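Here is the structure we will look at.
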Amino acid sequence: MIEFNIDDNLLKIETKNTLYAMKIVHDKYVAHLYYGAKSDFLRDMYKEYPVDFAPYVADIGANFSLNTVSTELSFFDSGDMKDTAVKIKNANGDSTTLFYYKSHRIFKGRCNFENMPYSRNADETLEIVYVDEVSGCKLYSYYSVFEKSDTITRYAKFVNQSENVIQLCQVNIAQLDISQGEYSVITLCGDYAKERNITEYPIHNGIQRIYSKRGHSSHQYNPFIALKEISATEDEGEAYAMEFVYSGDFEAQAEKSFDGKIRLMMGLNRDTFSWNLEYGEDFWTPEVILTYSNAGTNKLSQNLHDHIRTHIINPKFVYAARPIVINTWEAMYFNIDEDVLLRYAEKAKQLGIDTLVIDDGWFGERNNDSIGLGDWYVNRTKFKDGLKIFSDKIHNMGLNLGIWIEPEMVNPKSEIYKRHPEWVLQCKNRSGSLSRKQLVLDLTNDKVIDYIVEKIKETFAEVKLEYIKWDFNRSLSESGSLFLPARRQGETKHRFMLGCYKMHKKLTEAFPEVMFEGCSGGGGRFDAGILFYCPQIWTSDNTDPVCRLSIQKGTSLAYPVSAISAHISDTLFNNLENAPDYDFRFNVALGGVLGYELNILNLSPENEKKVREQIQKSRKIQPLLLQGDQYRLNGLEDGEFGFICVSKDKSEFLLAYQNIGKIKRKRICLNGLDDTALYKSESGDIYRGEELLNEGIELPVNTMYTYFHFTIDKY
Ligand code: GLA
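Right, here's the structure in full:
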């Protein structure tokens, strides 16, 4: 619900459990008042006071400085000396930016984006209109409300109403000023094969910043940032989060000033973004999700999970049974062989797997990673009768078929590059870098997008497919465009991202029945932008279960279980004394959507039996994992992992626990259950909800991993 109280110029946004409040002051400015649990004490929150060395607004007096007042949006060189959110370059060459509040309106629904991912089905939206009188630029700042998930999204539109060209230099469109408190900053940091490890430090004076300049959201820093009270736990205390619905270059930062105030911001990366706005043109920013919890980081994550499941992921797929795949990559790499695939399919069928996914290597001359990328026609040496006949054979065996593509990229050794060397991103007269022996297509050019989309459509036109894995295997560098004029080169990275989204839209619309899985060298593009098109994402190329524990735990902070593809493989990266067996691997895979990525023709009879049982169990618990509320277990020590997933009606829950640190754990306390219910384990033991909540559940001595599935017995 959004309300405007004209008596004290208060604008209030309420969700189920939170309140966000702002105040229009001196007719021209929008001050930030409050974001937190519902409260009636807003009236006295706004304060003005003089501070030395803080420039003040001359017309109003020394008490009003944009440096000391908390604001909804801050503007470069306008008297706010902290790092500011919005900067434009005026036609006269200076960059001083100051937008004044002009008006606002509240409306049902929201403004949907045509060419970018966004949160669907908002309840209501607040639009605040600002004008920079000197440059003639108008700024529409939006707050869309999603009451049930306790989330608000922020995005904006800039419109140039002057005769001159204005350059947008910085648009950190989500800003949250917090006036007091002791907080830690949480980010999800990592590297290739080590994605999204939780990084948490007490905030210190200055700026703590994460970013991507890679043209994808990156393995290194995920577009997510949270502030948590230092004393808060998974289950208690206050926390705030921002998450970007965007897959390209971003920045997110928390700045603490000496007076104890904190400013959280998120937006496009200022180093790699600029945009020329000509007369009458407009520019829409991507969207940032904001949420608040006063019940620890679990509630923060649950809000984001609910938001992503209800408002980002395609409703057609979000809760539909997910395929349990056998993916060929780790077993075959580029050595795709039709006869072996058919044997895989036969074995997969016996095991209960439902989808065979042919990974890289099925097209063009693609026999290794140096050749053929971008040539989207089937390799007739590998598939003698073509893909259609192969697909028919697979379907006749009662299996579904999936296939791998990487539409944004080419090898220099490819037919497409030979014909169109001008179609890849490059800077004039500068030699470009290779990465994984490949180059990136210039998706600022619609012709390139249309060509690739048409080729892929043509190749799959007759082929029955249920699953497409969409990869993106290098970061961008030397990212100039021969297609764009010199004055628009600063727009290349964002235009490239818009081109990627256009491709996603076209291909997902061309194959509406196909479930797409996102991927980028593992989890290098794991973000809410991609989830708009791909209901799940390949989490990491690291399928070692020990390494996966911290990757999946970090990922769960911002993304639901249903988004996390988790395959059982044979790979081993860790230095555990004993190689983890398939039971342990299955236990870890409970943190995501189960699949297999190994040579199923070589399974021992014992492991075959295990796989068969795992698949049966997975089918039984998958609906709970897709839809339930996840609580990471509170109070664990280093080396311990685990969560409980509780159905929304609290009639069922699953507990998964892993202990790789040899911690002597006897009991695990649970959260989220119905204290009045009686829960029955699979072995028939009955527990009272109250007992599980207060005393927890007892573990056998030296448990390394275990899981329990409980259903309600009776009230
Ligand atoms: C990336 C993906 C892998 C696999 C290979 C194929 O690394 O993460 O899963 O698809 O590409 O080249």
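Following the working numbering, the numbering of the sequence shown begins with 11 at its first residue and continues without gaps.
C-beta atoms are modelled at their ideal positions from N, C-alpha and C, and glycine is treated no differently.
In this text, all values refer to a predicted model and were calculated from it rather than measured experimentally.
- With respect to the C-alpha of F373, the residue from I188, V388, Y66, F663 having the closest C-alpha is V388.
- With fewer than 16 other Cβ atoms inside 10 Å of its own Cβ, S49 counts as exposed.
- When rounded, the separation of the alpha-carbon atoms in F283 and L435 is 16 Å.
- R130 places its beta carbon 9 Å or farther from that of V298.
- Cβ contact annotation for R595 (same chain, cutoff 7 Å, sequence separation greater than five): P555, I578, in chain order.
- Segment contact: the segment 662 to 674 against the segment 331 to 347, fewer than three CB-CB distances shorter than 8 Å; contact not assigned.
- For the 9 Å CB-CB criterion, D684 and K658 do not form a contact.
- The segment 321 to 329 makes contact with the segment 529 to 549; the number of CB pairs closer than 8 Å reaches 3 or more.
- Non-local C-beta neighbours of Y697 in its own chain, meaning closer than 6 Å and more than five positions away in sequence, comprise Y689, ordered along the chain.
- Closest in C-alpha terms to L634, from the list L366, Q562, R677, Y329, comes Y329.
- Assigned with DSSP and collapsed to three states, I334 falls in coil, not helix or strand.
- Uninterrupted beta strand (DSSP E) stretches at least 3 residues long and entirely within the segment 641 to 718 occur at 650 to 656, 662 to 669, 688 to 691, 696 to 698, given in chain order.
- For V603, the pairing in a beta bridge is given by DSSP as S575.
- Rounded to the nearest angstrom, the Cβ distance from F506 to T518 is 19 Å, too far for a contact under 8 Å.
- It is roughly 14 Å from the alpha-carbon of N455 to the alpha-carbon of P417.
- Under the DSSP assignment, D292 falls in the beta strand (DSSP E) whose first and last residues are 292 to 294.
- By the criterion of a C-beta distance shorter than 6 Å, G500 is surrounded in its chain by S284, once the five residues flanking it on both sides are discounted.
- Any heavy atom of the ligand GLA within less than 6 Å of a residue's beta carbon puts that residue on the list, which reads W339, D369, D370, W414, D481, N483, C529, G531, G532, W548, D551.
- Shown here for Y592: same chain residues with a beta carbon closer than 8 Å to its own, the five before and five after excluded, namely I578, N617, K620, V621, Q624 in chain order.
- When the five nearest sequence neighbours on each side are left out, no beta carbon in the same chain lies closer than 6 Å to the beta carbon of D37.
- Here L300 carries a strand assignment [DSSP, helix/strand/coil].
- Here the alpha carbon of H514 sits roughly 33 Å from the alpha carbon of M11.
- With a threshold of 16 other beta carbon atoms within 10 Å, M275 meets it and is buried.
- For M91, the closest C-alpha among the options Y111, E425, L83, L76 is that of L76.
- Comparing C-alpha distances from F268 to each of V61, L108, S145 shows the shortest one belongs to V61.
- Proximity to G682 across R675, L664, K676 peaks at L664, based on C-alpha coordinates.
- If you look at E519, you'll find it in the alpha helix (DSSP H) that goes 502 to 520.
- Close CB contacts of L198 within its chain, under the 6 Å cut and outside five residues either way in sequence, are with R206, N232, F234, G564 (chain order).
- Counting along the chain, no beta strand (DSSP E) covers Y289, and no H or E run does either.
- Residue pairing of E616 in beta bridges, as defined by DSSP: absent, with no partner found.
- Between S445 and D385, the C-beta gap is not smaller than 9 Å, which leaves the two residues out of contact.
- For the segment 160 to 193, the full-length beta strand (DSSP E) segments reaching 3 residues or more read 161 to 170, 176 to 181, 184 to 188 along the chain.
- Counting along the chain, E261 sits inside the beta strand (DSSP E) bounded by residues 260 to 266.
- F470 carries a helical assignment under DSSP once its states are collapsed to helix, strand and coil.
- From the listed residues T81, F260, E432, M419, the smallest Cα separation to T94 is found for T81.
- The C-beta separation of I547 from A573 comes to about 6 Å, placing the pair in contact by the 8 Å criterion.
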